[in-house]
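Trainee: Each residue of the sequence shown is one higher than the one before, starting from 6 at the first, in my numbering.
If you scroll down you'll find the structure; I have some questions about it.
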Amino acid sequence: MASVSISALKANLSRYLRHVRRGGEVQILDRGVPVARLTAPEPGGDDAVRDRLVADGLLRPRAGPAASILDTPPVELPTSISPALAEDRSDRL
């Protein structure tokens with residue numbers, strides 16, 4: 006795996022992207038400390054990534070169509086929030 010500083014990556018991005026397209030990986034360093042890794046996308050695209058995240062318990066699949074959240078009315082508050090905001094901001098005047 007190639008390692009490169011952020012400044013060198015910015016200066017030679019096309020070169021490192023070619024390296025990744027050919028199957029390589031690039032470790033990105035910030036002042037000598039690894040902060041990221043540049044790799045090619047996994048085969049299968051986003052579906053494979055999503056399936057892996059669900060299997061790892063890091064993502065919960067949706068329960069229905071996303072548009073269904075628009076059917077829920079907004080939360081009704083028992084009071085206006087404006088007086089609370091005015092009180093909170095009163096010391097800034």
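Each residue gets a CB set at the ideal place from its N, CA and C atoms; glycine is no exception.
Computed from a predicted structure; not experimentally measured.
Does DSSP put V25 in a helix, a strand or coil?
Mentor: Three-state DSSP puts V25 in a helix.
Trainee: Measuring from the CB of P48, is there a heavy atom of the ligand NAD at a distance below 6 Å?
Mentor: For the structure depicted, the ligand NAD is absent and the ligand set is empty, with no information on it obtainable.
Trainee: Going by CA-CA distance only, name the one from G37, A89, L75 and L58 that's closest to E47.
Mentor: Answer by Cα proximity: L58.
Trainee: What three-state label does DSSP hand I33 in the structure shown?
Mentor: Strand, per DSSP.
Trainee: Cutting at 7 Å between CB atoms, please list the residues of its own chain near V25, excluding the five before and the five after it.
Mentor: Here the set comprises V31, L43, T44 and A45.
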